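K.L.:
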Ligand SMILES: Cc1cc2nc3c(=O)[nH]c(=O)nc-3n(C[C@H](O)[C@H](O)[C@H](O)COP(=O)(O)O)c2cc1C
């Protein structure tokens with residue numbers, strides 16, 4: 001079984017990837033999306049979202065990281081995919097799931113699920129540009145407003161030569177409302193001869209087993225479930241018990257960014273608060289910690305509270 005850490009904009013950044021891959025059980029990470037407009041992006045954009053590119057595209061624990069691109073222009077997607085590969089990305093993932101509306105007249109993400117021909121053109125252009133030894137993958141939802149094009153979309157991506165396809169088993173309209181429709185993944189699997197990755201609503205080892213049964217798909221992608229329970233991947237793979245709150249506190253201190261950025265890391269306090277909102281699902285302690293740090297906005301103060309708790 002292969003487990004991917006899901007891309008999550010604003011939450012799963014390089015520090016989160018570092019921590020979760022140290023905790024273990026993950027085989028691959030995908031970055032937050034790089035938004036591609038009609039331009040060749042400077043290298044610094046890739047390095048900012050994926051500092052691992054400075055280290056062979058690997059997290060400190062040695063897990064490969066794949067850059068995700070979001071955009072609608074096949075030629076610019078191809079051009080920027082090539083840059084990411086040249087910088088050391090372990091393959092390219094294309095985002096066809098992001099619910100955001102049109103931005104700067106540039107579409108990308110789930111809106112494209114209404115146009116299978118666009119999916120084909122984008123994946124084909126990227127596949128043609130990127131040397132064949134590097135995987136080109138895509139991530140979709142089941143559709144935009146409904147599932148009418150689910151099979152056609154998957155087929156377009158397959159015909160364009162994608163190496164594999166991750167499926168978040170809900171439409172854009174479904175948002176994040178449970179359930180995820182895992183049996184839909186099995187339907188898609190029956191029509192395309194391409195490895196699939198099942199995603200959506202896996203919060204426990206039991207969910208993972210049920211998802212595998214219903215989706216007929218061995219490989220999984222974990223998002224919010226791994227933020228709520230950082231050793232979820234190991235719980236799924238080797239039945240590991242949930243990690244202790246004490247161990248988690250050390251991760252929170254690391255994620256505050258204080259050890260790395262000192263007091264300048266103003267941006268991490270917000271990310272910690274966001275992470276705590278996921279941890280609350282599995283750890284009651286996260287709720288009271290959240291209350292204590294809610295008004296704090298520098299890393300040092302947060303670390304002080306964490307050390308006293
Ligand atoms: C805050 C947030 C940010 C996300 N950002 C991305 C993203 O940048 N790219 C992407 O393909 N999916 C993104 N997703 C979707 C997740 O990768 C995943 O498909 C979704 O959360 C369902 O999986 P889960 O139930 O395991 O969380 C995001 C989801 C959330 C909640």
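Numbering (UniProt numbering), first residue to last: 1 to 309. Note that the Cβ used here is the ideal one computed from N, Cα and C, for glycine as well. The structure presented is a predicted model; accordingly, all values stated were derived computationally and were not measured.
1) Apply the 10 Å Cβ neighbour rule to residue 178 and answer buried if 16 or more other Cβ atoms are within range, or exposed otherwise.
2) How is residue 145 classed by DSSP in three states: helix, strand or coil?
3) Considering just the uninterrupted stretch of the alpha helix (DSSP H) at residue 125, what are its terminal residues?
4) Do you know how far the Cα of residue 69 is from the Cα of residue 32?
5) Taking C-alpha atoms, which residue in 143, 267, 171 lies nearest to residue 13?
6) Using a Cβ-Cβ cutoff of less than 6 Å, which residues in the same chain neighbour residue 252 once the five nearest sequence positions on both sides are dropped?
7) How about the region 122-139 and the region 55-65: do they share at least three Cβ pairs that are nearer than 8 Å?
8) Mind checking which residues open and close the alpha helix (DSSP H) that includes residue 319?
9) Residue 163: which of 45, 240, 192 sits nearest, CA to CA?
10) Between residue 222 and ligand 1, is the CB less than 6 Å from at least one heavy atom?
11) When the Cα atoms are used, what is the spatial distance from residue 144 to residue 225?
12) Distance, Cα to Cα, residue 136 vs residue 291?
13) Just to confirm, is the Cβ distance from residue 229 to residue 242 under 7 Å?
14) Per the contact definition of three or more C-beta pairs closer than 8 Å, is the region 274-291 in contact with the region 41-54?
15) Under 8 Å Cβ to Cβ from residue 104, same chain only, skipping five residues before and after it: list those, please.
16) Okay, do the region 6-20 and the region 79-92 touch, 3+ Cβ pairs below 8 Å being the bar?
17) Below 7 Å CB to CB, which residues in the same chain sit around residue 170 once its five sequence neighbours on both sides are set aside?
18) What three-state label does DSSP hand residue 269 in the structure shown?
19) Does the beta-carbon of residue 89 have 16 or more other beta-carbons within 10 angstroms, so that it is buried, or is it exposed?
P.N.:
A quick look at the data gives this:
1) By the Cβ neighbour-count rule, residue 178 is exposed, with fewer than 16 other Cβ atoms within 10 Å of its own.
2) If DSSP states are grouped into helix, strand and coil, residue 145 belongs with coil.
3) First-last of the alpha helix (DSSP H) with residue 125: 116-129.
4) A direct Cα-to-Cα measurement between residue 32 and residue 69 gives close to 8 Å.
5) The shortest C-alpha separation from residue 13 is found at 267.
6) Hits under 6 Å: 306.
7) No, the region 122-139 is not in contact with the region 55-65.
8) What is shown of the chain runs 1 to 309, which leaves residue 319 out entirely.
9) The shortest Cα separation from residue 163 among 45, 240, 192 belongs to 192.
10) Annotation for residue 222 indicates a beta carbon within 6 Å of some heavy atom of ligand 1.
11) So the two alpha carbons sit approximately 23 Å from each other.
12) Cα to Cα, residue 136 sits roughly 43 Å from residue 291.
13) Cβ distance < 7 Å, so residue 229 and residue 242 count as in contact.
14) Because the criterion of three Cβ pairs below 8 Å is not met, the region 41-54 and the region 274-291 do not touch.
15) Unreliable placement is indicated for residue 104, whose pLDDT of 46 sits below 50; the coordinate value is still reported in the next sentence. Correct list, in chain order: 37.
16) With the cut-off at 8 Å, the region 6-20 and the region 79-92 do not touch.
17) Cβ within range, chain order: 141, 142, 180, 181, 200.
18) Three-state DSSP puts residue 269 in a helix.
19) Per the 10 Å Cβ criterion, buried.
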